[in-house]
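When we follow the working numbering, the leftmost residue of the sequence shown carries the number 4, and every step to the right adds one.
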Amino acid sequence: QGRAPEPFYDPLKTWIDSAHARGMEILSHTNTHRDVRDISADEYEQEFEGSRRVLEEIVGAEVPRIVAYPKGRSHEVVRTWLAEHGWHAFGTRGGITMHTSPVCDIERNGIRTETTWQEFLLKLSDGIKPFEKMRGLRF
Numbered sequence: 004q005g006r007a008p009e010p011f012y013d014p015l016k017t018w019i020d021s022a023h024a025r026g027m028e029i030l031s032h033t034n035t036h037r038d039v040r041d042i043s044a045d046e047y048e049q050e051f052e053g054s055r056r057v058l059e060e061i062v063g064a065e066v067p068r069i070v071a072y073p074k075g076r077s078h079e080v081v082r083t084w085l086a087e088h089g090w091h092a093f094g095t096r097g098g099i100t101m102h103t104s105p106v107c108d109i110e111r112n113g114i115r116t117e118t119t120w121q122e123f124l125l126k127l128s129d130g131i132k133p134f135e136k137m138r139g140l141r142f
């Protein structure tokens, strides 16, 4: 059984403070990390705004209204609520984000340490889709 550190400190708060002090932008990921498809509309305020307020208290600065969906998924009701309340959001669906992309359904492409420059450039150009199919890979 572990013991609380003495003097007591909150490891998560310490990590967030440290990351923020080094210039990392801290963004929201909801309060409870539940799949947002399972959250009722009555809970959106607490899940999204509540998470942002907690982070703002920790870092002592405004936290942008940008969220990564837990589990990477959402649905139209959540996306509509977020857009109406000034949020931007993204999941795990790969693709290229364009200026016409919905602000609460932003696509993204994973970049890993083993991603080559050629693959990176293909991802930026959306040319990765045929390459993924050819290799049977998902980036």
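Backbone N, C-alpha and C fix where the C-beta goes; we use that ideal spot for every residue, glycine too.
Predicted model only: the values in this text are computed from it and were never measured.
**OP:** Can you grab the Cα-Cα spacing for the pair residue 66 / residue 27, in whole Å?
**Re:** 12 Å
Original post:
Who are the near neighbours of residue 59 in its chain, counting only those whose CB is closer than 7 Å to its CB and skipping five residues on each side?
Top reply: Hits under 7 Å: 65 and 66.
Original post:
What runs of the beta strand (DSSP E), each 3 residues or longer, lie entirely inside the stretch 53 to 102?
Top reply: 69 to 71 and 91 to 93
**OP:** Return the first residue and the last residue of the alpha helix (DSSP H) that residue 23 is part of.
**Re:** Segment 14 to 24, the alpha helix (DSSP H) holding residue 23.
Subject >> Sequence-distant residues of its chain with Cβ nearer than 7 Å to residue 40 (five each side left out) >> reply: 76, 77 and 78
Original post:
From residue 89 to residue 69, what does the alpha carbon distance come to, in whole angstroms?
Top reply: 9 Å
Original post:
Which term fits residue 54, buried or exposed, when burial requires 16 or more other beta carbons within 10 angstroms of its beta carbon?
Top reply: Residue 54 sits buried, since 16 or more C-beta atoms from the chains shown fall within 10 Å of its C-beta.
Original post:
Buried or exposed: which applies to residue 73, given that a residue is buried once 16 or more other Cβ atoms fall within 10 Å of its Cβ?
Top reply: buried
**OP:** To the nearest angstrom, report how far apart residue 8 and residue 62 are at their CA atoms.
**Re:** 21 Å
Original post:
Using the rule of at least 16 other Cβ atoms within 10 Å of the residue's Cβ for burial, across every protein chain shown, is residue 114 buried or exposed?
Top reply: Residue 114 comes out exposed.
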